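Residue numbers (the working numbering), protein chains in the order written: chain G, 151 to 428; chain P, 11 to 142. Ideal Cβ positions, reconstructed from N, Cα and C, are used throughout, including at glycine. Note that the structure is a prediction, hence the values are computed from the model and not measured. The next block holds one structure in the form of structure tokens; read it before the comments.
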Amino acid sequence: MTILVFTGVLFLGAMAAGLLGSLTGLGGGVVLIPLMTLVFKVDIHYAIGTSLVSVIATSSGAAAAYVREGITNIRLGMFLELATTLGAIGGAWLAASLPTSFIAILFGVILILSAIASFAKLADPVFTDDGSPLSRLLRLNNSYPTPGGEKRYTVKNIVGGFLMMNVAGIISGLLGIGSGALKVIAMDNIMRVPFKVSTTTSNFMIGVTAVASVGIYLHKGYIDPGLSMPVMLGVLLGAFIGSRILAKAKVASLKILFAGVVLVLAIEMIYNGFTHNI
Amino acid sequence: MDSRIISKALSKKKIRDADLEKIIGSLLRYGVLLSSVIVLTGGIVYLYRHGREIPQYHTFRGEPDKMRMLGPMLQAIGRGEGRPLIQLGLFVLIATPIARIIFSIFGYLFEKDYLYVVITGVVLFVLLLNFC
Numbered sequence: 151m152t153i154l155v156f157t158g159v160l161f162l163g164a165m166a167a168g169l170l171g172s173l174t175g176l177g178g179g180v181v182l183i184p185l186m187t188l189v190f191k192v193d194i195h196y197a198i199g200t201s202l203v204s205v206i207a208t209s210s211g212a213a214a215a216y217v218r219e220g221i222t223n224i225r226l227g228m229f230l231e232l233a234t235t236l237g238a239i240g241g242a243w244l245a246a247s248l249p250t251s252f253i254a255i256l257f258g259v260i261l262i263l264s265a266i267a268s269f270a271k272l273a274d275p276v277f278t279d280d281g282s283p284l285s286r287l288l289r290l291n292n293s294y295p296t297p298g299g300e301k302r303y304t305v306k307n308i309v310g311g312f313l314m315m316n317v318a319g320i321i322s323g324l325l326g327i328g329s330g331a332l333k334v335i336a337m338d339n340i341m342r343v344p345f346k347v348s349t350t351t352s353n354f355m356i357g358v359t360a361v362a363s364v365g366i367y368l369h370k371g372y373i374d375p376g377l378s379m380p381v382m383l384g385v386l387l388g389a390f391i392g393s394r395i396l397a398k399a400k401v402a403s404l405k406i407l408f409a410g411v412v413l414v415l416a417i418e419m420i421y422n423g424f425t426h427n428i
Numbered sequence: 011m012d013s014r015i016i017s018k019a020l021s022k023k024k025i026r027d028a029d030l031e032k033i034i035g036s037l038l039r040y041g042v043l044l045s046s047v048i049v050l051t052g053g054i055v056y057l058y059r060h061g062r063e064i065p066q067y068h069t070f071r072g073e074p075d076k077m078r079m080l081g082p083m084l085q086a087i088g089r090g091e092g093r094p095l096i097q098l099g100l101f102v103l104i105a106t107p108i109a110r111i112i113f114s115i116f117g118y119l120f121e122k123d124y125l126y127v128v129i130t131g132v133v134l135f136v137l138l139l140n141f142c
């Protein structure tokens, strides 16, 4: 296989990952890393670095649209970025010192958890009281546009949410994924933020979280232009197409299909980790 | 363009959250767009020069200085190399969220929301710590 063919196939694979990732909300990274390591036999450190770059691209691209619509809670995002960036740096340092087989196994486990979490029933009773003193001090209580006009909400359990975001940051830095599923759990189930707000705010934070660890990956030489070029462009294009057809697609059946794919990839990653094939 | 929006907002009254959101939105959009164009250009040069060779990614070897540091990178781009040009595009991409943070600090400063000036400042400090 020449570089030309390799680049072309990787581009198509990245496009499919970006498309599925944006349709199901799981993000492209969870498919990209198994695709690169299992199918293309790329070293997992290169794969993680490449995935981080694509995560920054899709997150920033999508955030640009959501922020303008006024759904994203920017203050909440900025505040929680404190937790995710600190976690991400720790995660990136861990990744550099852990053996690749261990990373592969951990990746598989997180993959399975993310797939299950995407089916988890989200708590939707949103609170509209005055909120806690901390949420007022941090000005986290906000409103968001709905078809029936602006709807108010207050943010609960800020300390718990902050700690969960810390974990999400570590996972992101360690495995090179956006860990959007964890971020949404933290905001939805712990902080009781409305679903629309939590998904867009999570997406808003993913880019900065990834940048926090990408510096370390870059410094160690894990970011390769020959891999990043087709993957970044492919994922961006796929995610863009995904956002255009999202309104028409049957998301529920797609989610089941995607979860099935993710499950197979996860088992494959764990198996290869245990047999030291990765 | 952004400076015009800022001065317009300031002339009416103090800058509001909605104005900040609009500027942050376009900042992110143009950052990703610019970086994609540079990466694509570098990719075309790279494939033209090396497209018929065999890829080697199975074992990790690390990257040379021209892929990690701006100075050697720009020199290599000057010699017409494609891979450092792709990497420059990735640098622009990485700089985009950082620019968003820096911009937000000024935004909160205009809003006189000093608590968030500090919070955002700490995030920026953590981010920049990585590139030293």
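Per DSSP, the bridge partner or partners of residue i
i: N292 (chain G); result: G:Y303
Residue environment, residue i, which counts as buried when at least 16 other CB atoms sit within 10 Å
i: S378 (chain G); result: buried
i: V334 (chain G); result: buried
i: H68 (chain P); result: exposed
i: M341 (chain G); result: buried
i: K122 (chain P); result: exposed
i: D374 (chain G); result: buried
i: G410 (chain G); result: exposed
i: G258 (chain G); result: buried
i: G241 (chain G); result: buried
i: G35 (chain P); result: buried
i: L137 (chain P); result: buried
i: R62 (chain P); result: exposed
i: V364 (chain G); result: buried
i: S403 (chain G); result: exposed
i: T425 (chain G); result: exposed
i: G199 (chain G); result: buried
i: A164 (chain G); result: buried
i: Y124 (chain P); result: exposed
i: V133 (chain P); result: buried
i: I253 (chain G); result: buried
i: V189 (chain G); result: exposed
Backbone secondary structure at residue i - three-state DSSP
i: N140 (chain P); result: coil
i: A19 (chain P); result: Confidence is the limiting factor: at A19 (chain P) the pLDDT is only 48, short of 50, which leaves the residue's position unreliable, though a coordinate-based value still follows. In this structure, A19 (chain P) counts as helix in the three-state DSSP scheme.
i: L248 (chain G); result: coil
i: S322 (chain G); result: helix
i: E121 (chain P); result: helix
i: F424 (chain G); result: helix
i: R286 (chain G); result: helix
i: Q158 (chain P); result: Lying outside 11 to 142, the shown extent of chain P, residue 158 (chain P) is not represented and no answer is given.
i: S393 (chain G); result: helix
i: P82 (chain P); result: helix
i: K346 (chain G); result: helix
i: I34 (chain P); result: helix
i: D75 (chain P); result: helix
i: V192 (chain G); result: coil
i: K370 (chain G); result: coil
i: N223 (chain G); result: coil
i: I54 (chain P); result: helix
i: E91 (chain P); result: coil
i: S378 (chain G); result: helix
Candidates the options, of which the one nearest residue i by Cα
i: V47 (chain P); options: P:L103, P:P82 and P:F120; result: P:L103
i: L30 (chain P); options: G:R289, G:R218 and G:D279; result: G:R218
i: M228 (chain G); options: G:T425, G:G392 and G:F354; result: G:F354
i: Q66 (chain P); options: G:S393, G:G384, G:G311 and G:M186; result: G:M186
i: G220 (chain G); options: P:I33, P:L57 and P:L137; result: P:I33
i: I96 (chain P); options: P:I115, P:P107, P:K76 and P:V127; result: P:K76
i: V159 (chain G); options: G:G330, G:T296 and G:G376; result: G:G376
i: T208 (chain G); options: G:L332, G:K370, G:I327 and G:K346; result: G:I327
i: K405 (chain G); options: G:L154, G:F269, G:F156 and G:T152; result: G:F269
i: R59 (chain P); options: P:F116, P:G92 and P:Y118; result: P:G92
i: L236 (chain G); options: G:T222, G:G258, G:M314 and G:A197; result: G:M314
i: I224 (chain G); options: P:F135, P:G117, P:V136 and P:L43; result: P:G117
i: I308 (chain G); options: G:R289, G:G330 and G:Y294; result: G:R289
i: R302 (chain G); options: G:K370, G:D280, G:F408 and G:G319; result: G:D280
i: S393 (chain G); options: G:I198, G:T234 and G:T350; result: G:T350
i: L80 (chain P); options: P:L119, P:L98, P:T51 and P:L134; result: P:L98
i: E231 (chain G); options: G:A215, G:L387, G:V358 and G:F252; result: G:V358
i: V276 (chain G); options: G:N291, G:L287 and G:G211; result: G:N291
Self-check item: Residues from the stretch 100–117 of chain P in contact with chain G, defined by Cβ distance under 7 Å
Solution: Within the stretch 100–117 of chain P, L100, L103, I104, T106, P107, I108, I111 and S114 place their CB atoms closer than 7 Å to a CB of chain G, listed in sequence order.
Exercise. Below 8 Å between beta carbons is the criterion; list the residues of the stretch 190–202 of chain G that meet it against any residue of chain P, in chain order.
Key: Within the stretch 190–202 of chain G, the residues whose Cβ lies closer than 8 Å to some Cβ of chain P are F190, K191, V192, D193, H195 and Y196, listed in chain order.
Quiz item: the stretch 68–91 of chain P: which residues have C-beta closer than 9 Å to a C-beta of chain G, in chain order?
Solution: Sequence-ordered contacts of the stretch 68–91 of chain P with chain G read H68, T69, F70, R71, G72, E73, P74, M77 and R78 [C-beta pairs closer than 9 Å].
Quiz item: Listed in chain order, which residues of the stretch 370–387 of chain G have Cβ atoms closer than 9 Å to some Cβ of chain P?
Solution: Result list: K370, G371, Y372, I373, D374, P375, G376, L377, S378, M379, P380, M382, L383 and L386.
Practice problem: Name, going along the chain, the residues of the stretch 317–351 of chain G whose beta-carbon falls closer than 7 Å to a beta-carbon of chain P. | Solution: Residues: none.
Quiz item: For the stretch 51–65 of chain P, which residues have a CB atom closer than 8 Å to at least one CB atom of chain G, in sequence order?
Solution: Only those residues of the stretch 51–65 of chain P whose C-beta falls short of 8 Å from the nearest C-beta of chain G are listed: G52, G53, Y56, L57, H60, G61, R62, E63, I64 and P65.
Exercise. Determine which residues of the stretch 123–142 of chain P have a Cβ less than 8 Å from any Cβ of chain G, and write them out in chain order.
Key: If the cut-off is 8 Å between Cβ atoms, the stretch 123–142 of chain P has D123, L125, Y126, I129, T130, V132, V133, V136, L137, L139, N140 and F141 near chain G.
Self-check item: Residues from the stretch 28–50 of chain P in contact with chain G, defined by Cβ distance under 9 Å
Solution: If the cut-off is 9 Å between Cβ atoms, the stretch 28–50 of chain P has A28, L30, E31, K32, I34, G35, S36, L37, L38, R39, Y40, G41, V42, L43, S45, S46, V49 and L50 near chain G.
Quiz item: Just by C-beta distance, which residues in the stretch 213–225 of chain G are closer than 9 Å to chain P?
Solution: So the close ones are A213, A214, A215, Y216, V217, R218, E219, G220, T222, I224 and R225.
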